[in-house]
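Taking it in order: structure first as structure tokens, then the write-up.
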Amino acid sequence: MQKRIQNSLLLGFIFVSTSYSAFSVTRILATSQLQDFRLYYLGAQAVLLGKNPYEEVQGVIYPPISLVLLTPFASLPLDFAEDVWTLFSLIALLSSVLLLLGVSKTFTMRNFFIVTGLAMLNFPVKFNLGMGQINLILLLLTCLSFFWYRKRLSVLAGSALAVAAALKLTPLVLVLFFLQKRQWKIVISCVVGFILLNGLGLTLLGTNATTDYWQKIFPAIPTVGNAIYYNQAFTGWLARAEIADNVARVINYLIFGGMLAMSWLATRKKGQPVTVELSELGLFIISVLVGTGLAWQHHYVTLLIPFFAVLLLAMNLKISKVKYLVAIGIAYLLVAANLKNPFAVLGIWQHIMLSHVLIGAVLLYIVTLVSLRGPTKQ
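Convert by adding 1352 to the 1-based position in the sequence shown; the result is the number in the working numbering.
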């Protein structure tokens, strides 16, 4: 009887989440103008016309090679390109789920719909699709890198991470995971691939555009002092707490360095079960989101990896799982939520409520660290 109720609840969740997902994607395709994608589009269009995208389009802050790689979309009519990009992003999400289920050997259709449903009910995913951001592509490339690492395809693993880092620099930090694993081929493939891709960007865009990006655009990205609600990095909390920028910068460096050091020490050199290694990678992913200085809510789609990993890890613990599952559930709700009117939050709880995604990520980090220290079934 109890199992029948559980199955009914699962089927109900799958039906509701699938219906909601289909409705959300259909609405985006029918009505939305993807604000961030339009910047990608206009920047890539400038590249096609042989112009400097950083002079032609205000607000373009993406690395030169990322605009080069996106030029196929710029050759399409804008409205059609937006629809193609939305579907491309959705396919990237679904492919990421399949890769995670495949590499962990937990694939069933039921698990696929549950994980996809939980992802689509997560505001960072909806925000990513609605804005036309690139983070679901980064999620897929990170999953591919780990998948190929487990399959011992080192060059492919490093190349996937190199493309992710070329599109947005922060995935380069994940090289630390492979360094600790002594995966020299992956590290070398990533570094060489990253250099070659940026060299290609320099060749195709020229020195003026490349110099503009590295000397003007990149240094001006507001990683400290950005108090806007959607910035859920640790620097966002410091800014909302009105900590002086010079002090906030030092504090953030200490927190980021500390999280990377703990992630490094928690990552074992020798090969481990896939759930353990996926959780170890998750620690570095969380560290990047919390500590690199600027993390909009849509950046947090990459938390799909540590959430998935620590859930499997918790289920494999030999000790009581309830407290772990409750903590993971709370972390998920904090990350998945969104305040439609953040300015209405006043009083003593303001700094906490306006940083709920950050708090959820930190809680997930702590749960992952504790879970990695617990005895697991082999």
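Glycine residues also receive a C-beta, built at the ideal position from the N, C-alpha and C atoms.
Going straight from the alpha carbon of residue i to that of residue j, what length do you get?
i, j, result
"V1640", "I1711", "14 Å"
"Y1372", "K1675", "30 Å"
"I1607", "R1356", "47 Å"
"M1705", "A1585", "14 Å"
"T1370", "V1719", "29 Å"
"M1576", "W1648", "For the record, residue 1576 in the displayed sequence is Val; it is not Met. If you take the alpha carbons of V1576 and W1648, they lie about 13 Å apart."
"R1502", "L1496", "10 Å"
"L1677", "A1613", "26 Å"
"F1565", "I1413", "Phe is not the amino acid found at residue 1565; the sequence shown has Tyr there. Cα to Cα, the separation comes out at about 8 Å."
"P1574", "T1644", "11 Å"
"L1505", "G1545", "15 Å"
"L1715", "L1685", "11 Å"
"S1615", "F1529", "8 Å"
"L1361", "S1441", "29 Å"
"L1549", "L1519", "10 Å"
"V1477", "A1688", "9 Å"
"G1482", "V1368", "20 Å"
"L1656", "A1572", "30 Å"
"A1618", "L1381", "43 Å"
"P1658", "L1633", "8 Å"
"P1424", "F1432", "12 Å"
"E1629", "L1664", "11 Å"
"F1660", "V1709", "17 Å"
"T1378", "I1366", "18 Å"
"I1547", "N1693", "43 Å"
Is the CB-CB distance between residue i and residue j below 7 Å?
i, j, result
"T1587", "N1604", "yes"
"I1569", "Y1406", "yes"
"V1662", "S1723", "yes"
"F1499", "L1451", "yes"
"V1653", "N1480", "yes"
"R1534", "K1457", "no"
"A1514", "C1542", "yes"
"T1468", "V1449", "yes"
"L1531", "V1539", "yes"
"N1487", "H1650", "yes"
"R1293", "A1579", "A question about residue 1293 goes unanswered here, because the residues of the chain that appear run from 1353 up to 1730."
"I1638", "Y1717", "yes"
"G1411", "L1439", "no"
Buried or exposed, going by whether 16 or more other CB atoms sit within 10 Å of the CB of residue i?
i, result
"P1416", "buried"
"F1695", "exposed"
"N1359", "exposed"
"T1559", "exposed"
"Q1731", "The structure shown does not extend to residue 1731, since the chain is modelled only from 1353 through 1730, so no value can be given for it."
"G1510", "buried"
"G1609", "exposed"
"Q1730", "Here Q1730 scores only 49 on pLDDT, less than 50, and its place in the model is too uncertain to base an answer on."
"L1363", "exposed"
So, for residue i: in the same chain, excluding its five sequence neighbours on each side, which residues have a beta-carbon less than 8 Å away from its beta-carbon?
i, result
"V1420", "A1396, V1399, L1552, G1553, L1556, L1557"
"I1595", "I1603"
"V1642", "A1585, F1586, I1607, F1608, M1611, L1710, A1713, V1714, Y1717"
"V1436", "F1425, L1428"
Please find out if some non-hydrogen atom of the ligand COA comes closer than 6 Å to the beta-carbon of residue i.
i, result
"L1557", "The ligand COA is absent from the structure shown, which contains no ligand whatsoever."
Go through its chain and collect everything with a Cβ distance to residue i's Cβ below 6 Å, but skip five positions before and after it.
i, result
"K1673", "A1666"
"A1374", "none"
Strictly by DSSP, which residues pair up with residue i?
i, result
"N1583", "W1648"
Does any residue of chain C bring its CB to less than 7 Å from the CB of residue i?
i, result
"A1647", "Among the chains of the structure shown, chain C does not appear; only one protein chain is present."
Sorted by chain position, which residues of the same chain lie with C-beta nearer than 7 Å to residue i's C-beta, five sequence neighbours on each side aside?
i, result
"Q1485", "D1388, H1650"
"P1523", "L1490, T1494, L1513, A1516, A1517"
"T1383", "none"
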